[in-house]
Amino acid sequence: RPGQPLALPGAVLPSDPRVLAGVVGALVHLHFLKVLELDARLGVAAVSRDPGVTAFLALPLLLPYLHEVTGTPLGGLDTPPAAPGRASRAAVDAPVVRRWTEYLDHLQELVPRSAVDNLLASLVPNIVQTS
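Structure (structure tokens):
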């Protein structure tokens, strides 16, 4: 938005959209690893005033717009059972899915909408480019 500070201050160098997608996907997966390793359902404290921290916390909230190029941490959980009588991966990983969903809900409450909007305007178009 005109007059608003950029989500990521500084010079923006031209970059291959696939490289940007890879970096963003990796950062989102760091969030997911935190959820797995620390069982961090609601482990995010109040959002820092640091724009870099806020932008990092906002990245998982971009998945609805980027999942086709970045992938998602939960990709493949809906695969069928490996063998008759065995639980599907979705059933085994249901607690992980629940914790990830709770984490995203918590981020939506904490991260200012303006931070997400800034990333949607400045970062997402550089990743999802139409030919």
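Per my numbering: the sequence shown ends with 210, consecutive numbering throughout. Even glycine gets a Cβ: it sits at the ideal position worked out from N, Cα and C.
Exposure of residue i, with buried meaning 16 or more beta-carbon neighbours within 10 Å
i	result
residue 149	buried
residue 98	exposed
residue 121	For residue 121, the predicted model reports a pLDDT of 49, less than 50, meaning its position is unreliable; a value from the coordinates is still stated below. Its Cβ having fewer than 16 others within 10 Å, residue 121 is exposed.
residue 204	exposed
residue 132	exposed
residue 154	exposed
residue 191	exposed
residue 96	exposed
residue 72	In the structure as shown, the chain begins at 80 and stops at 210. Residue 72 is therefore absent and cannot be evaluated.
residue 134	buried
residue 143	exposed
residue 174	exposed
residue 194	buried
residue 141	buried
Residue i - DSSP class collapsed to helix/strand/coil
i	result
residue 187	helix
residue 202	coil
residue 157	With a pLDDT of only 48 at residue 157, under 50, the local geometry of the prediction cannot be trusted, and the value read off the model is given with reservation. It is coil, neither helix nor strand.
residue 152	coil
residue 196	helix
residue 207	coil
residue 128	coil
Chain B within 8 Å of residue i, Cβ atoms only
i	result
residue 110	The structure shown contains no chain B; it is built from a single protein chain.
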